[in-house]
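*Asks:* Take this structure first; my questions come after.
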Amino acid sequence: QTWGRFAPEGYLTACSFDYLTRTPENQFFVLVLFFVCYVLPMTMIVFFYSQIVSHVVNHEKALKQQAKKMNVESLRSNQNQQNQSAEIRIAKAAITICFLFVASWTPYAVLALMGAFGNQALLTPGVTMIPALTCK
Numbered sequence: 189q190t191w192g193r194f195a196p197e198g199y200l201t202a203c204s205f206d207y208l209t210r211t212p213e214n215q216f217f218v219l220v221l222f223f224v225c226y227v228l229p230m231t232m233i234v235f236f237y238s239q240i241v242s243h244v245v246n247h248e249k250a251l252k253q254q255a256k257k258m259n260v261e262s263l264r265s266n267q268n269q270q271n272q273s274a275e276i277r278i279a280k281a282a283i284t285i286c287f288l289f290v291a292s293w294t295p296y297a298v299l300a301l302m303g304a305f306g307n308q309a310l311l312t313p314g315v316t317m318i319p320a321l322t323c324k
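Numbering (our numbering), first residue to last: 189 to 324.
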């Protein structure tokens with residue numbers, strides 16, 4: 189018995205790691221993959237992008253406070269109500285990246301855990317293809 193192997197998934201059009209075999213080695217393999225390939229990257233992405241957003245928000249507050257001290261509406265020469273600052277666009281992009289990572293990989297992670305530890309009767313070929321398509 190090898191520690192982790194590949195097997196066809198869904199409609200047999202693609203291969204993935206074998207999350208359906210119920211051996212202790214394979215279940216441990218699925219857990220390791222879950223933490224190393226999903227939990228760890230998601231934690232890092234959310235943490236670092238939240239730090240970026242936090243710094244952007246603090247920078248925007250500092251700019252507004254400085255503008256108020258100088259009795260001007262804005263410190264930006266080209267600022268108007270229609271244009272967003274680059275910092276706000278960066279913050280929105282960071283939030284979007286976090287959301288897309290979670291939205292695309294969570295169904296596949298849940299599927300793998302269900303296959304290794306849950307009710308496998310719920311995992312029909314059609315059901316297993318949907319998460320595979322969202323992340324691939």
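Cβ atoms here follow ideal geometry from the backbone N, Cα and C, with glycine treated the same way.
What whole-angstrom Cβ distance do residue 278 and residue 318 have, given they're in contact under 8 Å?
*Replies:* About 32 Å; that fails the 8 Å criterion.
*Asks:* Please give the ranges of any alpha helix (DSSP H) in the segment 207-283, keeping only runs that are unbroken, at least 4 residues long and fully inside the region.
*Replies:* Here the runs fully enclosed are 212-222 and 228-257.
*Asks:* Between residue 298 and residue 236, what straight-line distance do the alpha-carbon atoms span, to the nearest angstrom?
*Replies:* Looking at the two C-alpha atoms, the distance is approximately 24 Å.
*Asks:* According to DSSP, what are the bridge partners of residue 203?
*Replies:* Residue 203 is bridged to 196.
*Asks:* Under a three-way DSSP split, which group does residue 306 fall into?
*Replies:* Looking at residue 306 - three-state DSSP - the assignment turns out to be coil, as it is neither helix nor strand.
*Asks:* Need the endpoints of the alpha helix (DSSP H) that residue 322 sits in, please.
*Replies:* From DSSP, the alpha helix (DSSP H) with residue 322 extends over 313-323.
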